[in-house]
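All remarks here apply to the structure that follows.
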Amino acid sequence: MLTVRDLSIGFRRYTGLFRQTQVTRLSGLTLTLDAGEVLAVIGGSGAGKSLLAHAVLGLLPPNAVLRGQIAFRGQPLTGGDYPAALRGRRIALVPQQISHLDPMARAGRQIGWAARRAGAAAAVPDRLAALGLPPGAARLYPGQLSGGMARRVLLAMAQAGAPDLLVADEPTAGLDPQNRRTVLRLLRDHARQGGAVLLITHDLTAALPFADRVAILDNGRMAGLEAARDFRGDGAALASAHARALWRALPENGFLADA
Numbered sequence: 001m002l003t004v005r006d007l008s009i010g011f012r013r014y015t016g017l018f019r020q021t022q023v024t025r026l027s028g029l030t031l032t033l034d035a036g037e038v039l040a041v042i043g044g045s046g047a048g049k050s051l052l053a054h055a056v057l058g059l060l061p062p063n064a065v066l067r068g069q070i071a072f073r074g075q076p077l078t079g080g081d082y083p084a085a086l087r088g089r090r091i092a093l094v095p096q097q098i099s100h101l102d103p104m105a106r107a108g109r110q111i112g113w114a115a116r117r118a119g120a121a122a123a124v125p126d127r128l129a130a131l132g133l134p135p136g137a138a139r140l141y142p143g144q145l146s147g148g149m150a151r152r153v154l155l156a157m158a159q160a161g162a163p164d165l166l167v168a169d170e171p172t173a174g175l176d177p178q179n180r181r182t183v184l185r186l187l188r189d190h191a192r193q194g195g196a197v198l199l200i201t202h203d204l205t206a207a208l209p210f211a212d213r214v215a216i217l218d219n220g221r222m223a224g225l226e227a228a229r230d231f232r233g234d235g236a237a238l239a240s241a242h243a244r245a246l247w248r249a250l251p252e253n254g255f256l257a258d259a
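Here UniProt numbering is used: position 68 in the sequence shown is 68, and no number is missing along the way.
As structure tokens, then:
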């Protein structure tokens, strides 16, 4: 469904009145994402996770320099009029911050807006029920929602147009374990129903039960691409040294000194 080939992203910046330099933040990234799959992209702050998501969505700033290729269902998204290339491609974003919700509008109204923009019926009660939210949540303003409820409202808005691909940027940030599992299970359900999910997260442990594969970014480069099932035991099944080190350094694996 999604193909990223040799993707590099840099940013032009002025170092004087007329002189420009370019700073590279993502280098030589190659990966694929198939229908029915959840691909977790793991890495620390500044690793390039959100930058990858923004590139897929065409949300890079004007000073960005993109090289390589991004294609969705075989159609290139790079080159030419990037925003126009995304129209009708059935890609939706689950944003990182719940501040993307309008604080002055009730949750149900915002879900309805998203559905109408996508040319779909509002069907707010059905959309809430599908995400485990009570009908009364439609009448609540964002400030009245818990963190888990707000995340699910954002997910309902993203799913309003029945997208093929969901790009979820840190969708569980700040959530307690129960709400974190709820959101991740809903993303897994999207893939199970034939969609695909690009899950941007720093939380490897939480993502593993719901992901099929894990791409590990480090300092803007691919440091490992592993099957989620291979993160077990002492990490011997993992192909990359970086993945093994990351796995062995987790608290539940003993903070091993050689990690």
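The beta carbon of each residue, even a glycine, is placed where N, CA and C say it ideally should be.
Next on the checklist: Whole angstroms are fine: how far does the CA of Leu-204 sit from the CA of Pro-251?
Outcome noted: The residue you call residue 251 lines up with position 251 of the sequence shown. The residue you call residue 204 lines up with position 204 of the sequence shown. Cα-Cα distance, rounded: 12 Å.
Checklist entry - How about the segment 63-74 and the segment 134-149: do they share at least three Cβ pairs that are nearer than 8 Å? => result no
Next on the checklist: Between the segment 108-115 and the segment 153-167, can you find at least three pairs of beta-carbon atoms closer than 8 Å?
Outcome noted: yes
Next on the checklist: Ignoring anything shorter than 3 residues, give me the beta strand (DSSP E) runs that lie fully in the segment 49-121, in order along the chain.
Outcome noted: With a minimum length of 3 residues, the continuous beta strand (DSSP E) runs that stay inside the segment 49-121 are 64-72, 91-94.
Checklist entry - For the alpha helix (DSSP H) that contains Met-1, what are its first and last residues? => result Indexing the sequence shown from 1 puts residue 1 at position 1. Note, Met-1: premise wrong, no alpha helix (DSSP H); not H, not E.
Item to check | Leu-17 burial status per 10 Å Cβ neighbour count (16 or more: buried) | outcome: Start at 1 with the first residue of the sequence shown, and residue 17 comes out as number 17. Exposed is the call here.
Next on the checklist: Between Val-153, Gly-48, Ala-196, Val-38, which has its C-alpha nearest Asp-164's C-alpha?
Outcome noted: Here residue 164 corresponds to residue number 164 of the sequence shown, with the count starting at 1. Shortest Cα-Cα distance from Asp-164 to any of Val-153, Gly-48, Ala-196, Val-38 involves Ala-196.
Checklist entry - Around the Cβ of Thr-182, are there at least 16 other Cβ atoms within 10 angstroms (buried) or fewer (exposed)? => result For the purposes of this step, residue 182 is taken as the residue at position 182 of the sequence shown. Burial call: buried.
Checklist entry - Would you say Ser-8 and Thr-32 are within 8 Å of each other, going by their C-beta atoms? => result Numbered from its first residue, the sequence shown carries residue 8 at position 8. Numbered from its first residue, the sequence shown carries residue 32 at position 32. Against a cut-off of 8 Å, the Cβ pair of Thr-32 and Ser-8 comes out as no contact.
Checklist entry - Leaving out the 5 sequence neighbours to the left and right, which residues in its chain are closer than 6 Å to Ala-85 when beta-carbon positions are compared? => result To locate residue 85, count along the sequence shown from 1; it is residue 85. Its pLDDT being 48, under 50, Ala-85 is placed unreliably in this model, and the value from its coordinates should be taken loosely. Contacts found: Leu-77.
Item to check | Every unbroken alpha helix (DSSP H) inside the segment 166-229 [4 residues or more] | outcome: Entirely contained in the segment 166-229, the alpha helix (DSSP H) runs reaching 4 residues are, in chain order, 177-192, 204-207.
Checklist entry - What separation, rounded to the nearest whole angstrom, lies between the Cα atoms of Ala-123 and Arg-116? => result Locating residue 123 in the sequence shown gives position 123, where the first residue counts as 1. Locating residue 116 in the sequence shown gives position 116, where the first residue counts as 1. Cα-Cα distance, rounded: 10 Å.
Item to check | Rounded straight-line distance, which links the Cα of Ile-91 to that of Leu-246 | outcome: Locating residue 246 in the sequence shown gives position 246, counting from the first residue. Locating residue 91 in the sequence shown gives position 91, counting from the first residue. Looking at the two C-alpha atoms, the distance is approximately 31 Å.
Next on the checklist: For Leu-217 and Glu-226, which I take to be in contact (beta-carbon distance under 8 Å), what is that distance rounded to the nearest angstrom?
Outcome noted: Position 217 of the sequence shown, counted from the start, is the residue given in the question as residue 217. Position 226 of the sequence shown, counted from the start, is the residue given in the question as residue 226. Actually they are not in contact, since the Cβ atoms of Leu-217 and Glu-226 sit about 13 Å apart, beyond 8 Å.
Item to check | Residues bridged to Tyr-14 (per DSSP) | outcome: By one-based count along the sequence shown, residue 14 stands at place 14. Tyr-14 pairs with Gln-20.
Item to check | Span separating the alpha-carbon of Leu-208 from that of Leu-2 | outcome: In the sequence shown, residue 208 corresponds to position 208, counting from 1. In the sequence shown, residue 2 corresponds to position 2, counting from 1. Their backbone Cα atoms lie some 21 Å apart in a straight line.
Checklist entry - Buried or exposed: where does Gly-235 fall if 16 or more other Cβ atoms within 10 Å of its Cβ makes it buried? => result The residue labelled residue 235 in the question sits at position 235 within the sequence shown. Looking at its Cβ environment, which holds 16 or more other Cβ atoms inside 10 Å, Gly-235 is buried.
Checklist entry - Going by alpha carbons, who is nearest to Arg-152 out of Gly-74, Leu-101, Ala-53? => result Within the sequence shown, residue 152 is the residue found at index 152, counting from 1. Comparing Cα positions, the closest option is Leu-101.
Next on the checklist: Only counting the same chain, and skipping five residues up and downstream in sequence, which positions put a Cβ closer than 7 Å to that of Leu-51?
Outcome noted: Start at 1 with the first residue of the sequence shown, and residue 51 comes out as number 51. Result list for Leu-51: Ile-9, Arg-25, Leu-26, in chain order.
Checklist entry - Do Ala-215 and Gly-36 come within 8 Å of each other at the CB atom, strictly closer than that value? => result Stepping through the sequence shown from its first residue, residue 36 is reached at position 36. Stepping through the sequence shown from its first residue, residue 215 is reached at position 215. Contact: no.
Next on the checklist: What residue range does the alpha helix (DSSP H) around residue 261 cover?
Outcome noted: Any question about residue 261 goes unanswered here, given that the chain covers just 1 to 259.
Checklist entry - By Cβ distance, which residues of its chain are closer than 6 Å to Gly-220, with the 5 residues on each side in sequence left out? => result Here residue 220 refers to the residue found at position 220 of the sequence shown. Here the set comprises Arg-25, Leu-26, Ser-27, Gly-48.
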